[in-house]
Amino acid sequence: MSATLTTQLRNAVDGTIETDVALSRYTTWKVGGRADWLITPRTIDGLEKALTMLRATGVPWLVVGGGSNLLVKDGGFRGAVITMHRLRTIDIRSDGQVQVEAGATLAQVIKKGIKAGWGGLESLAGIPGTIGGATVMNAGADGMELGRVIREVQLYNGEDRQRWSHDQCGFSYRSSAFQRDSVVTVVTLALTVGEPAQLETRYKERLAARRETHPYGLPNAGSVFKNPPGKVAWRMIDAVGLRGARRGDAQISPRHTNFIVNLGGARAADILALIEFTRKRVAAEFDVELETEVKIVGEDG
Ligand SMILES: Cc1cc2nc3c(=O)[nH]c(=O)nc-3n(C[C@H](O)[C@H](O)[C@H](O)COP(=O)(O)OP(=O)(O)OC[C@H]3O[C@@H](n4cnc5c(N)ncnc54)[C@H](O)[C@@H]3O)c2cc1C
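With the numbering used here as the guide, the letters of the sequence shown map in order to residues 70 to 370.
Here is the structure:
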């Protein structure tokens, strides 16, 4: 880690620059080793300056939104982690187009839209994380995916600013065409007009339905595996008898078998071991390769 770069970043970037930071504080699983730098820009300009400097010096970066779909390994990340939570301006226009900075949470966008009489995102109620993360992941629930209402995405890769239209984004099931080195800075959504009280009711219904089926109270990252075409991951995991299975303090949730919960002292290695074990058991029984929905990053501990 270069002290010179730390000083340069601190002098140039509007935001905070920390060094040697535990990433377990930034993931909903509460696991993960340390990052060399943690950069928290206060403005898009600050974000772009940081990325320009990192690119020019060849330092790798990793963007973290809400960290709700991320498994950071125990050895942490050699390079700079960029957190987006201070970039959260939401601008709702009179035609229902909403321009959102990537660090705003999905919940903030949905609730602000409902208040102003704009809906369409109620099905996504209760999905944690940021608009940036939800865009890259094409987050979805209940037959709806965020990508459907995205009109434009602004990106910066340390050299070029780009604007991608909906069709360029390549949205598919929990996936998009965005590459690791492109940071989503601003997303434009097109919402549909609705009556606030009705939208609010639907939003609350979706939240309540989620509370019935999801394990709350223990750190997790939502569904670990994607559903293979025509199949349901949690059913196959259940069928091979892994409900409640443990590796250290990582456990396949007894409440929802596509969730792995951290009982308190889990390490990323425990979660990874449980993921691999599950994949092997499901492959042996069903001849199906489960693919992780969660993104696995960083170095082994
Ligand atoms: C309890 C629980 C329930 C969940 N339910 C659902 C659900 O119903 N449906 C669903 O789809 N998901 C669900 N998830 C998973 C997760 O919340 C979503 O994938 C969410 O959209 C991720 O957003 P995030 O900001 O936390 O992304 P992160 O986890 O921070 O990042 C995810 C990926 O996106 C990248 N990324 C994040 N922000 C940016 C950016 N600005 N620019 C470029 N890359 C970026 C990261 O580098 C990483 O590769 C759930 C998670 C939990 C914990």
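Yeah, the Cβ is synthetic: ideal placement off N, Cα and C, and Gly gets one too.
* Cβ of HIS283 within 7 Å of any heavy atom in ligand 1? -> Walking along the sequence shown from the start, residue 283 turns up at place 214. For ligand 1, at least one heavy atom lies less than 7 Å from the Cβ of HIS283.
* Per DSSP, ALA342 is paired with what? -> Here residue 342 refers to the residue found at position 273 of the sequence shown. According to DSSP, ALA342 bridges with nothing at all.
* Asked: So does THR257 have its beta carbon nearer than 7 Å to some heavy atom of ligand 1?
  -> Numbered from its first residue, the sequence shown carries residue 257 at position 188. No.
* Asked: For ligand 1, any of its heavy atoms closer than 7 Å to the Cβ of ALA208?
  -> In the sequence shown, counting from the first residue as 1, residue 208 sits at position 139. Answer for ALA208: yes, Cβ within range of ligand 1.
* Under a three-way DSSP split, which group does ALA285 fall into? -> The residue labelled residue 285 in the question sits at position 216 within the sequence shown. The sequence as given places Tyr at residue 285; Ala does not occur at that position. Three-state result, TYR285: coil.
* What beta strand (DSSP E) runs, 3 residues minimum, are completely inside the region 187 to 273? -> With a minimum length of 3 residues, the continuous beta strand (DSSP E) runs that stay inside the region 187 to 273 are 219 to 225, 230 to 234 and 252 to 259.
* Pairwise C-alpha distance: GLN77 and TYR285 -> Translated into the one-based positions of the sequence shown, residue 285 becomes position 216. Translated into the one-based positions of the sequence shown, residue 77 becomes position 8. Approximately 42 Å, taken between the alpha carbons.
* Asked: Does DSSP put ALA362 in a helix, a strand or coil?
  -> Mapped onto the sequence shown, residue 362 falls at position 293. First, the residue type needs correcting, since residue 362 is Glu and not Ala in the sequence shown. In this structure, DSSP gives GLU362 a state outside helix and strand, which the three-state scheme calls coil.
* Would you kindly report the start and end of the unbroken beta strand (DSSP E) that includes ALA104? => To locate residue 104, count along the sequence shown from 1; it is residue 35. Looking at the DSSP string, the run of the beta strand (DSSP E) that includes ALA104 is 103 to 110.
* Asked: Of the residues VAL330, ARG348, GLU358 and GLU362, which one's Cα is nearest the Cα of LYS99?
  -> Here residue 99 is taken as the residue at index 30 of the sequence shown, counted from 1. Nearest C-alpha to LYS99: VAL330.
* Asked: With respect to the beta strand (DSSP E) encompassing ASN80, which residues constitute its N-terminal and C-terminal limits?
  -> Here residue 80 refers to the residue found at position 11 when the sequence shown is read from its first residue. Not the beta strand (DSSP E): ASN80 falls in the alpha helix (DSSP H), residues 72 to 81.
* Asked: Between the region 220 to 236 and the region 100 to 120, do at least 3 Cβ pairs fall closer than 8 Å?
  -> The region 220 to 236 vs the region 100 to 120: in contact.
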